[in-house]
Amino acid sequence: MPATYTFDVFSSLDSFGSHTGNWGGYWGKQGPELLDRRLALYGEEQRMVFGANTYRAFAQMLASSNEGSEVRDPWVTRMRNLPATVVSRTLQEPLDWPDATLVSGDAVDVVARLKEESVVPLRSHGSLSMNRALMAAGLVDRVQVTLFPVITGQTGEAPIFQNAADFDLELLESRTLDGNTLELIYRPSPHA
């Protein structure tokens, strides 16, 4: 049976994955329930899958952060210590990630092979363009959106589903964290 692939993403209400404003990380809305939930999610055995841009962003953020900063929240440290596959035609080894494998090639081919070979679930946090392509190819089993209670109309960047195909979503799980942040887990299927 193929491994389950989860596209895990943080979002503002207006579907931006990040911002250029002075909101801070998590748009300044993280609380203990969110951080505990993230730590539990990343405590499970799994393999991370990153595209080149997201890998570069994570590696740069971690390299420029200090111990105790929110960039180094315990769940991020746990994520960084999970085995990872980085899909890139431009990066070169060595990667600044403890257990990362660099794979050159088309992400659709790489992830299709990983899904067949992996004995653990696969998860990707971010990697927007890669995950849009994987969704279009039918390789994403779960879309997990952590929806922060903000609208970033002026400062939002990285529109999560810009130019994505059309999908119907079946809600599998939902939870409210810290009274105002939603975690929504969907099963996507192409809209006919």
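Counting the sequence shown from 1 gives a position; this note's numbering is that position plus 3. Even for Gly, the Cβ is constructed at its ideal location relative to N, Cα and C.
Nearest-angstrom Cα separation, counted from residue j out to residue i
| i | j | result |
| --- | --- | --- |
| Asp99 | Ala195 | 42 Å |
| His22 | Met4 | 38 Å |
| Val153 | Arg50 | 30 Å |
| Leu37 | Leu150 | 11 Å |
| Asn166 | Ser107 | 24 Å |
| Glu176 | Pro101 | 32 Å |
| Val89 | Asp109 | 11 Å |
| Leu117 | Ala6 | 8 Å |
| Ala168 | Ala139 | 6 Å |
Assigned exposure category for residue i - 16 Cβ within 10 Å defines buried
| i | result |
| --- | --- |
| Gly182 | exposed |
| Ala43 | exposed |
| Asn84 | exposed |
| Leu66 | The question names Leu, yet the displayed sequence has Ala at residue 66. Exposed is the call here. |
| Asp11 | buried |
| Val123 | exposed |
Sequence-distant residues of its chain with Cβ nearer than 8 Å to residue i (five each side left out)
| i | result |
| --- | --- |
| Gln157 | Gly24 |
| Ser14 | Gly20, Val148, Thr149, Leu150, Phe151 and Ile163 |
| Met82 | Tyr45, Met51 and His128 |
| Leu94 | Ala55, Tyr58, Arg59 and Leu105 |
Residue interval of the beta strand (DSSP E) (run including residue i)
| i | result |
| --- | --- |
| Tyr189 | Thr184 to Pro193 |
| Val146 | Arg145 to Leu150 |
| Ala110 | First-last for Ala110: Ala110 to Glu120, but that is the alpha helix (DSSP H), not the beta strand (DSSP E). |
| Arg50 | Arg50 to Gly54 |
Alpha helix (DSSP H) segment containing residue i, residue limits
| i | result |
| --- | --- |
| Pro35 | Pro35 to Gly46 |
| Val123 | Note, Val123: premise wrong, no alpha helix (DSSP H); not H, not E. |
| Ser130 | No alpha helix (DSSP H) contains Ser130, which DSSP labels as neither H nor E. |
7 Å CB neighbourhood of residue i in its chain, flanking five on each side removed
| i | result |
| --- | --- |
| Ala136 | Ala110 and Val111 |
Residues of its chain near residue i, where Cβ-Cβ distance is below 6 Å and the 5 sequence neighbours each way are ignored
| i | result |
| --- | --- |
| Trp30 | Phe151 and Val153 |
| Ser192 | Asp171 |
| Asp144 | Thr7 and Tyr8 |
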